[in-house]
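Worksheet: the structure to be examined is printed underneath.
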Amino acid sequence: MSTKGSITFHPRPFDQWGLGLERPLLIAGPCSAESEEQVVSTARAIAAGGQARILRAGLWKPRTRPGSFEGAGKEGLAWLQRAKAETGLLTMTEVATAEHVEACLKADVDLLWIGARTTPNPFSVQELADALRGVDIPVFVKNPINPDLQLWIGAFERLERAGLRRLAAIHRGFSWFERTPFRNSPMWEFPIRLKAAYPELEVVCDPSHIAGSREGIPELAQQALDLGLSGLMIEVHQDPAQAQSDAQQQITPAAYTKLVNSLLFRQALPTATMQDRLEKLRDLIDQLDEEIAQKLSSRMDIASRIGEHKRENNVAILQPERWEAIMQRQLRFAGHLGLSEDFVRDYMDAVHRESIRRQTADPDAVGVEGSPRSRANGLDP
């Protein structure tokens, strides 16, 4: 439980949902429900593999541009009902309007999710919350397209205020300006921060949308499990090449079963022996963190003295060559230590910004705030 302002959000774990769900929760199914035959045959194959509890399929597809396939709509609800009757899988689909909610409730859809395009809009989330008021159906909330933790949390708070208690999150990555190997940047720190604030909240990963390609799904799925996320939602289609949406990130039922069988599912909690070992290692980390903080404090004291010296001697702060030399030296040194270049750049940028803050009393000085790559400004670190 965590309190945010005047609202308290009380997440419940899967074992309190009354649906027989447990971790790791495995959700599989096509990006879009395209036909009755496609939905039912895919569901049969998924059920035969025995590696999923819930069948997912999008009925209303919010597309970036009009003219592309926008889903089967209400007609697909009957296909989900048949798939459930024949396989025993629970059914799940996305809702974006009150009309979607009403149709799903009438068709006895078991679980709903709110998509990444809807979560950032408080008006849309409130409309869904009002439509769901008094109906405690399980609702999963995908993260916003852009990395905004408060918007994500705000969606949960709106739903809980409407009386919903069975709520969970779906991490599907974020749209980001920097190039990554994936369609969406994983930014694992966001689901980790969400779990830190709400330890009881179940967070499922959608590696299909993060990867954007079937080749990237296994790596991301394993990483999500290694980080302790509650399960996986993976897009599975009987014939991915013919899919009418996101064909490149869907896999066949056979590939899905093979993938799940290859994953390493770790214990959510360590044994007593493991806990003892973990505590010793964590104590070492705590000691090192203290040493790092002390050294950083000393470094910032020196940076402050540099700033004073420059002001006393009327020396310009901008020194691009100096900063570039420091960055290149750190990158070479880090390479020998097995540290990634991205980590070193981000770390040095943070150090640089704090150094700048110490050196100047002007908060609007070039490179102080808001620049993701302040090293280009050349301020003396």
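Residue numbers (our numbering): 59 to 439. We treat Cβ as the ideally placed atom computed from N, Cα and C, and that holds for glycine.
(request) Determine, using beta-carbon pairs with one atom in the segment 230 to 243 and one in the segment 209 to 220, whether at least three such pairs fall under 8 Å. (result) Contact fails: fewer than three Cβ-Cβ distances are below 8 Å.
(message) Tell me the rounded alpha-carbon separation between R433 and A269.
(response) Note that R433 has pLDDT 34, beneath the 50 cutoff, so the model's placement of it is unreliable and no number is given.
(message) I need the DSSP call for V153, collapsed to helix, strand or coil.
(response) Shown here, V153 sits in coil according to DSSP, grouped into three states, outside any helix or strand.
(request) Would you mind giving the Cβ-Cβ distance between H295 and P71, rounded to the nearest angstrom? I have them listed as a contact below 8 Å. (result) With 8 Å as the limit, H295 and P71 do not qualify as a contact, their Cβ atoms being about 31 Å apart.
(request) Please name the residue, chosen from R251, I309, T310, P196, that lies closest to L285 on a Cα-to-Cα basis. (result) R251
(request) Identify the continuous beta strand (DSSP E) that holds W137 and give its terminal residues. (result) First-last for W137: 133 to 145, but that is the alpha helix (DSSP H), not the beta strand (DSSP E).
(request) Go through its chain and collect everything with a Cβ distance to W246's Cβ below 7 Å, but skip five positions before and after it. (result) L285
(message) For the segment 157 to 172 against the segment 197 to 211, do three or more pairs of beta-carbon atoms, one drawn from each stretch, fall closer than 8 Å, so that the two count as touching?
(response) yes
(message) For the beta strand (DSSP E) containing H295, name the first residue and the last one.
(response) First-last for H295: undefined, no H or E at that position.
(request) Specify the secondary structure class of E260 as computed by DSSP and reduced to three states. (result) strand
(message) If you reduce the DSSP assignment to three classes, tell me which class W210 lands in.
(response) helix
(request) Give the secondary structure of A305 by DSSP, where H, G and I count as helix, E and B as strand, and everything else as coil. (result) helix
(request) Taking the CB atoms as reference points, tell me whether R191 and A161 lie closer together than 8 Å. (result) no
(message) Tell me the DSSP secondary structure of K200 in three-state form.
(response) strand
(request) Run the CB neighbour count on Y405, radius 10 Å, all protein chains shown included, and call it buried at 16 or more, exposed below. (result) exposed
(message) Measuring only the C-alpha atoms, how far is L346 from Q352?
(response) 10 Å
(request) Classify H229 as helix, strand or coil using the three-state DSSP reduction. (result) strand
(request) Output yes or no for whether 8 Å exceeds the beta carbon distance between V183 and R216. (result) yes
(request) Starting from S250, follow its DSSP beta bridges and name the residues at the other end. (result) It is worth fixing the name first, because residue 250 is Ile in this sequence and not Ser. BP columns for I250 are empty, so no partner.
(request) Express the C-alpha separation of D188 and P69 in angstroms, rounding to a whole number. (result) 19 Å
(message) Taking its Cβ as the centre, do 16 or more other Cβ atoms sit within 10 Å of L135, making it buried, or is it exposed?
(response) buried
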